[in-house]
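Notes for the one structure printed next.
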């Protein structure tokens, strides 16, 4: 088994990119349907850097790139919910106690807490995470939830047509590739 020591990753920047995806799910009731269903929007427009040496890691999601199975929902999200604030940002100052090493292909679980900024409102948010080092790519899967009210946002409800519950379930898959800068 291939093992990497955590200390060996001190100067490594993991760039988030291709293969990453954020999924947001809310429970909605449409007037034309007898039972509630899940409205799911997702995007692969995620960027940022992950550092394992104490530097602040920042992940950004372009909310204007969210899409679902409904064009009207997508337009509502872009034009009504986030017209002037298209970027959600999550900053992690510290990952807590990391294992001494990572075995390629092995999954490590834990909690990661950071600061989420959405529509100029910041709040602490914790994710349950599973991380796996595949040698060339670090995969991190995080799950959490929050409420619209946490950010001063009224759930998108259109009288007589759509009612959305307050809870937003979030699942983010990050695919981060190591980038080492040449010594100066």
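Numbering (my numbering), first residue to last: 883 to 1066.
All C-beta atoms, glycine included, are put in the ideal place defined by N, C-alpha and C.
Would you call residue i buried or exposed, if buried means 16 or more other Cβ atoms sit within 10 Å of its Cβ?
i            : result
residue 934  : buried
residue 1026 : buried
residue 1058 : buried
residue 1024 : buried
residue 848  : Nothing about residue 848 can be read from this structure; the chain reaches only from 883 to 1066.
residue 978  : exposed
Quick one, which of the options has its alpha-carbon nearest residue i's?
i            : options                : result
residue 1004 : 1038, 984, 967 and 979 : 967
residue 920  : 1044, 1054 and 1059    : 1044
residue 993  : 1008, 1001 and 984     : 1008
residue 905  : 939, 948, 1033 and 884 : 948
residue 1015 : 988, 1040 and 1030     : 988
residue 1030 : 1052, 914 and 924      : 1052
Do residue j and residue i come within 8 Å of each other at the CB atom, strictly closer than that value?
i            : j            : result
residue 1037 : residue 963  : no
residue 1061 : residue 895  : yes
residue 910  : residue 918  : yes
residue 998  : residue 888  : no
residue 1054 : residue 1001 : no
residue 973  : residue 990  : no
residue 950  : residue 922  : yes
How many Å lie between residue i and residue j at the Cα?
i            : j            : result
residue 955  : residue 986  : 40 Å
residue 912  : residue 958  : 15 Å
residue 899  : residue 927  : 8 Å
residue 970  : residue 886  : 32 Å
residue 1011 : residue 1022 : 7 Å
residue 931  : residue 941  : 7 Å
residue 893  : residue 937  : 10 Å
residue 891  : residue 1019 : 13 Å
residue 953  : residue 961  : 12 Å
residue 1049 : residue 903  : 20 Å
residue 929  : residue 901  : 11 Å
Flag residue i as yes when its Cβ comes closer than 7 Å to any non-hydrogen atom of the ligand FAD, and as no otherwise.
i           : result
residue 897 : As presented, the structure is devoid of all ligands, the ligand FAD included, so that no description of it is given.
* **Sequence ranges, beta strand (DSSP E) only - wholly within the stretch 899 to 970, length at least 3** => 903 to 912, 919 to 925, 928 to 932 and 939 to 944
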